[in-house]
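Novice: Starting off with a structure, shown below.
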Amino acid sequence: MTIRKGRVAVSVATVWTAKDSARELDKNAVVNPVDIDSWLGGLTYETSLALCRENRIQTQALLGEEVWIMDEQDGYAHVIIPAQSSSKDERGYPGWMPLCQIEENAESLEGPIAVVQSKKAMLYAEDETPQFALSFQTVLPVLIEGTEWIEVETPDGKGKLKAADVSIFDGFDSVPKGSGGDIVADGERFIGLPYLWGGMSSFGFDCSGFSYTMCKANGYIIPRDAHDQAASGEKVELDSMEPGDLLFFAYEEGKGSLHHVGIYYGDGKLLHSPNTGKSIEILDMAGTIYEKELCAARRYWLKTEG
Numbered sequence: 001m002t003i004r005k006g007r008v009a010v011s012v013a014t015v016w017t018a019k020d021s022a023r024e025l026d027k028n029a030v031v032n033p034v035d036i037d038s039w040l041g042g043l044t045y046e047t048s049l050a051l052c053r054e055n056r057i058q059t060q061a062l063l064g065e066e067v068w069i070m071d072e073q074d075g076y077a078h079v080i081i082p083a084q085s086s087s088k089d090e091r092g093y094p095g096w097m098p099l100c101q102i103e104e105n106a107e108s109l110e111g112p113i114a115v116v117q118s119k120k121a122m123l124y125a126e127d128e129t130p131q132f133a134l135s136f137q138t139v140l141p142v143l144i145e146g147t148e149w150i151e152v153e154t155p156d157g158k159g160k161l162k163a164a165d166v167s168i169f170d171g172f173d174s175v176p177k178g179s180g181g182d183i184v185a186d187g188e189r190f191i192g193l194p195y196l197w198g199g200m201s202s203f204g205f206d207c208s209g210f211s212y213t214m215c216k217a218n219g220y221i222i223p224r225d226a227h228d229q230a231a232s233g234e235k236v237e238l239d240s241m242e243p244g245d246l247l248f249f250a251y252e253e254g255k256g257s258l259h260h261v262g263i264y265y266g267d268g269k270l271l272h273s274p275n276t277g278k279s280i281e282i283l284d285m286a287g288t289i290y291e292k293e294l295c296a297a298r299r300y301w302l303k304t305e306g
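Counting along the sequence shown from 1, when you hit position 139 you're at 139 in UniProt numbering, and nothing is skipped either side.
Pasting the structure below:
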């Protein structure tokens, strides 16, 4: 089987469980350009909860992110997201994405990258006409670096970002490795953002999408899902946790199946994206179900001497 490579051609592409997983009310999420705000704004608590309960969404990918096309049926591509490691497939995260949201001829350019550091950043056309908002941690190749504007290569051609919205690096390997405190500080910026099952963008995160993205922002690429995140990293004893460590929670008071991850805030508190109907928060775990269900901690950030 020939694998075709492409790149995400919309601000946020939702990766569905099957080619028929998207409902009529999800139509704004499966077109190009997408309208994420209208999609999310049109979801009720029940229709949002169904994304999880009916196993409709797997993950999301951001503009410019590489996808591998394994197959296509009825306007959808069966894809692998290689940057999102998963025990579901050793090559990356699998799922289905609308073909209209993939640009197959978008080559990866070598050289510097622009990484969105604002919570959201407007992408502009070459004539500086606003196009659409990009998520935190969207990565695009840099063509021209100016003091006010950064010209970037998108899957659909050239665009511009405001220099104040991005950081420029030689490549992802040159992104500075942050501390646990840096991971917490990035996470705090999103307090109040509503939870989204499968969410991997600053339009809405799920629990592991939140931990994944805050680690990515600090130079650490970790597995996509909570159970895989719990199986990697450095093991931390529960009496030795430090801010920035990832905490994992399991049913049956920590003895059952793992179902949640959050970031340790310090002082017995949890920074996390809880579940449908709730928003990113800092929670004092004492006396809550989270205190009973806490089962493991992992550290992905590096301690430095000094």
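Beta carbons are placed, not taken as given, at the ideal position from N, Cα and C, and that holds for glycine.
Quick caveat: nothing in here was measured; it's all calculated off a predicted structure.
1. Going straight from the alpha carbon of Ala18 to that of Glu148, what length do you get?
2. Under 8 Å Cβ to Cβ from Leu294, same chain only, skipping five residues before and after it: list those, please.
3. By DSSP, does Thr14 sit in helix, in strand, or in coil?
4. Compare the C-alpha of Gly181 against each of Leu161, Lys119, Asn218 and Val10 and name the closest.
5. At 3 residues or longer, what runs of the beta strand (DSSP E) sit wholly inside the segment 53 to 79?
6. Starting from the N-terminal side, write out each stretch of the beta strand (DSSP E) that is 3 residues or longer and does not extend beyond the segment 141 to 206.
7. By a C-beta neighbour count over all protein chains shown, 10 Å radius and 16 as the cutoff for buried, is Leu196 buried or exposed?
8. With respect to the beta strand (DSSP E) encompassing Trp96, which residues constitute its N-terminal and C-terminal limits?
9. On the CB-based measure, 16 or more other CB atoms within 10 Å of its CB, does Tyr45 come out buried or exposed?
10. If you follow the beta strand (DSSP E) that Ser135 is part of, which residue opens it and which one closes it?
11. For Asp37, report the span of its alpha helix (DSSP H) as first-last.
12. Would you mind stating whether Leu123 and Phe136 have Cβ atoms separated by less than 8 Å?
13. From this set, Glu153, Val236 and Asp245, which residue's C-alpha is nearest Val184's C-alpha?
14. Would DSSP call Glu103 helix, strand or coil?
15. Once DSSP output is grouped into helix, strand and coil, what is the label at Tyr300?
Specialist: Walking through what the data contain:
1. 43 Å
2. Leu238, Leu247, Phe248, Phe249, Gly254 and Met285
3. strand
4. Asn218
5. 57 to 62 and 66 to 73
6. 149 to 154, 157 to 162 and 166 to 169
7. buried
8. Tyr93 to Pro98
9. exposed
10. Pro130 to Ser135
11. Ile36 to Gly41
12. no
13. Asp245
14. strand
15. coil
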